[in-house]
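2 protein chains.
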Amino acid sequence: MSAGKKFEAMSGNIKKIAELAQTSKSSVSRVINNNGYVSADVRERVEKAIASINYHPNAGARTLRGSPSRLVGVLLPSLDVPFFGILAHSIEQAFFALGYQTFICSTAESQDREQAYVGMLLAQRIDGVIVASSRQEVDPFTPLRDRNIPMVAIDRPMPGLTDVCVHVDNHYGGTLLAKHLIELGHREIAIISTPRHSEPMIQRVNGACAALAEHGLKPVQIAYGNEHNLGAGRRLATKLLQKTPRPTAIIGTSDTAAIGAMHAAVDLGINVPGDLSIAGFDDIPEASYVLPRLTTVSQPTRKIGERAVHRLHQMMSGELELAVEDRLPLKLVVRQSTAKI
Amino acid sequence: MSAGKKFEAMSGNIKKIAELAQTSKSSVSRVINNNGYVSADVRERVEKAIASINYHPNAGARTLRGSPSRLVGVLLPSLDVPFFGILAHSIEQAFFALGYQTFICSTAESQDREQAYVGMLLAQRIDGVIVASSRQEVDPFTPLRDRNIPMVAIDRPMPGLTDVCVHVDNHYGGTLLAKHLIELGHREIAIISTPRHSEPMIQRVNGACAALAEHGLKPVQIAYGNEHNLGAGRRLATKLLQKTPRPTAIIGTSDTAAIGAMHAAVDLGINVPGDLSIAGFDDIPEASYVLPRLTTVSQPTRKIGERAVHRLHQMMSGELELAVEDRLPLKLVVRQSTAKI
DNA sequence: ATCAGTTATGGGATCGTTCCCATAGTGGGA
DNA sequence: TCCCACTATGGGAACGATCCCATAACTGAT
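Protein sequences, first through last, are from chains X and R.
Count the first sequence with the numbering used here and you get residues 332 to 672, in order.
Count the second sequence with the numbering used here and you get residues 332 to 672, in order.
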């Protein structure tokens, strides 16, 4: 195979440390794992030897003997969407604090990739997994379930896969937005939902529709897109706003979609919130840094990640055997992108 | 330790497959690795057995025998900053396509964390590392160098650590912004740079100062912050804009800082770009989705990640032995946040 | 008939670690 | 004095994979 200078990266093993410290590998192991009897003298020699060559025990060999790998996987649709970037960040940081190493797996909503990632994670003998897949299929994840690998679902329950879930009530969040707009006098309300197959987005749409229905209303249009980015929201809104009669308000099922929609309005010379109210969902940092500042439903993104890590940690420690559904609070944050009609 | 129901997650081993397929583990290994002689009959039986229990070879055991781990590490300051989120995403995706599993390590600019992560990566016997540390210290990374672990620096060279670097000319980018503002007639130009110790940010400041100096100018103020987020930019700009005389233009060393500054201006009733021009750096997606749309220096974030992966792949394959410095192109993107004075 | 090369299969050493077990010295209680 | 508990240390078998080597059947050339 590949020629070239070979990197002789061997980083010493326990035997070498034993030689350096003039003792046996058993004693070295006892020092490293801090169990069993070791004299102060040997301990010191071993610690010196370890430091002298910057030795790090081979993690693979350890798990081979049956120790937990202290590796975990996080499966989510993407990393370059602010919401998921923040989520991944909080998860990774929380695991680090617990001494776990995290595999962040960006599945791009593709079943093939999910399957490939699950295989890789199994090969690494991960101790647990957090899944934030937004699609409905559970097939790619069943191998994890079949091996009883502790698993926490984020963003939406995954019945049949795991009984532990950390999420928000997306349906309720949808109602908050619709009620807010109704209270402001809006009757012609459109919805932009993207990506189309995302369960949380569907729930938000359903919630909004339910609240509208309570007032004998229904959305003048529900526009679906396929991507989760600003451009998608903009394109969908542009189309929407060119129809007549024009809606007086738009609900975006994410801040990204809503901010995209704001720019569609600007392009068309429509004043927000004067002629058109726009509201989003998530409360990403950018939501309060657009003009007009975006009215949105705030979800505690970081807390969701931290709670999920906490739950997974409990499962991995065998402290959690029951089904648990953590539902974190949502809050309507009224800013400047919505106004009375 | 932790009690509770034990997860009996053993996922079969090569011996079990051998039994199921009525052959030896040697033959199973040959099928899995697709080398040596195997009859069609045995191959089929083995493949069936593998599928039947969804077997995945233990990655740790493999590397124990000397195979590459196909694990790589990426060290960067954070994941919840759009720029790094996009960078991490493109790196992770590119590695996945090459069959590598990525450890994304969010170091929070802390030396302790960097050190801890490096230790964990060494324990996992990673094949290579991409480092995007913005700080100047190289100490935490020397253990990687000492083991000859292939390493690519991103965003800035890391002399003494690695000779392979993928970056942009931040100094030049700084000059682009200054020249643009000077051409528009600005003379009172302030700079907001955050986080303070980031090498790329410093280079951008230096570039801007150099271009100003060419016209006998110097920045009316350089404000430094510690965080890389919208709030930091906003706070710095608020302070800056309350002084008299007020600058007529602000250069942010990142889009994040610049967008923050725009909101400081709004808070103070200053019109952008009428009374104040603001320009950023990076061209994150949000830059074209604020109002007014942000003038900025565009860097090819995804390409940087992909190129770094390509270079690391070459190093890991032994195909790259020389020093290589990839400098990717920058481009000034003039939008609506800057105007003639 | 002999030999070499190809195809096919299985045994067993090895990688780095943990942990059980054997060994052995020491000190204190009966 | 004997015995046990405690302290301390080292040897060696596992874990799951790879891969070298031995074995053996078969082909075709000499």
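Ideal Cβ placement from N, Cα and C applies to all residues, glycine included.
As the structure is a prediction and not an experimental result, all values here were calculated from the model.
- Around Tyr503 (chain X), no beta-carbon contact reaches into chain R at under 8 Å, the shortest distance being about 26 Å.
- The CB of Glu423 (chain X) comes closer than 7 Å to the CB of Leu410, Ile435, Ser437 in chain R, given here in chain order.
- Across the stretch 449-465 of chain R, CB contacts with chain X closer than 7 Å involve Gly450, Met451, Leu453, Ala454, Gln455, Arg456, in sequence order along the chain.
- For Ile590 (chain R), a Cβ of chain X is located within less than 9 Å of the residue's own Cβ.
- By a beta-carbon distance limit of 8 Å, Gln467 (chain R) does not contact Glu519 (chain R). Their separation comes to about 31 Å.
- Secondary structure note for Gly556 (chain R): it is in no beta strand (DSSP E), with a DSSP letter that is neither H nor E.
- The C-beta of Glu545 (chain X) has fewer than 16 other C-beta atoms within 10 Å across all chains shown, which makes the residue exposed.
- Going by DSSP, Leu663 (chain R) is part of no alpha helix (DSSP H) but of the beta strand (DSSP E) stretching over 662-664.
- Residues of the same chain with a CB within less than 7 Å of the CB of Leu515 (chain X), apart from the 5 flanking positions on each side, are Ser608, Thr669, Ala670, Lys671, Ile672 in chain order.
- Residues of the stretch 470-490 of chain R that bring their beta carbon within less than 9 Å of a beta carbon in chain X comprise Thr473, Pro474, Asp477, Arg478, Asn479, Ile480, Pro481, in sequence order.
- Under the Cβ criterion (8 Å, minimum of three pairs), the stretch 348-359 of chain X counts as touching the stretch 377-397 of chain X.
- For the pair Leu548 (chain R) and Pro413 (chain X), the Cα-to-Cα distance works out to about 38 Å.
- For Ala654 (chain X), no CB of chain R lies under 9 Å from its own CB, so it is not counted at the interface with that chain.
- The residue from R:Val628, R:Ala592, R:Tyr620 with its alpha-carbon nearest to that of Phe612 (chain R) is R:Val628.
- Residue-level contact by beta carbon fails for Gln630 (chain R) and chain X, as no gap is shorter than 9 Å.
- For Gln446 (chain R), there are no C-beta contacts with chain X under 9 Å, since the nearest C-beta of that chain is about 11 Å from it.
- Relative to the Cα of His498 (chain R), the nearest Cα in the group R:Arg666, R:Ser400, R:Val655, R:Lys510 belongs to R:Val655.
- Gly611 (chain R) carries a strand assignment under DSSP once its states are collapsed to helix, strand and coil.
- Chain X places a beta carbon closer than 9 Å to that of Asn385 (chain R), counting this residue as a contact.
- When R:His594, R:Gly397, R:Val462 are compared, the shortest CA-CA separation from Thr433 (chain R) is found for R:Val462.
- Between the C-alpha atoms of Pro481 (chain X) and Val405 (chain R) there is a straight-line separation of about 26 Å.
- About 37 Å separates the CB atoms of Gly343 (chain R) and Gly416 (chain X); that is not less than 8 Å, and the two are not in contact.
- Scanning R:His641, R:Leu599, R:Ser585, R:Val597 for the CA closest to the CA of Asp614 (chain R) turns up R:Ser585.
- For His517 (chain R), the three-state secondary structure derived from DSSP is coil.
- Taking the beta carbon of Thr394 (chain X) as reference, the chain R residues within 7 Å of it are Gly391, listed in sequence order.
- In the DSSP secondary-structure assignment, Glu656 (chain X) is bridged to X:Cys496.
- For the 9 Å CB-CB criterion, Ala419 (chain X) and Leu561 (chain R) do not form a contact.
- Taking 7 Å as the upper bound on Cβ-Cβ separation, chain R lies near residues Pro616, Glu617, Tyr620, Val621, Leu622 of the stretch 599-626 of chain X.
- Going by C-alpha positions, Asn365 (chain R) is about 10 Å away from Arg374 (chain R).
- The Cβ atoms of Glu440 (chain R) and His517 (chain R) do not sit closer than 9 Å to each other.
- Close to Asn560 (chain R), with beta-carbon spacing below 9 Å, are these residues of chain X in chain order: Pro616.
- Per DSSP, Val403 (chain R) is one residue of the beta strand (DSSP E) stretching across 402-407.
- The continuous alpha helix (DSSP H) containing Phe414 (chain R) extends over residues 413-428.
- Here Ala554 (chain X) has Ile523, Leu567, Leu571 as same chain residues with Cβ atoms under 6 Å from its own Cβ, once five neighbours each way along the sequence are excluded.
- Residue state for Gln432 (chain R) is assigned as strand, using DSSP reduced to three classes.
- A distance of 9 Å or more separates the beta carbons of Gly556 (chain X) and Ala580 (chain X).
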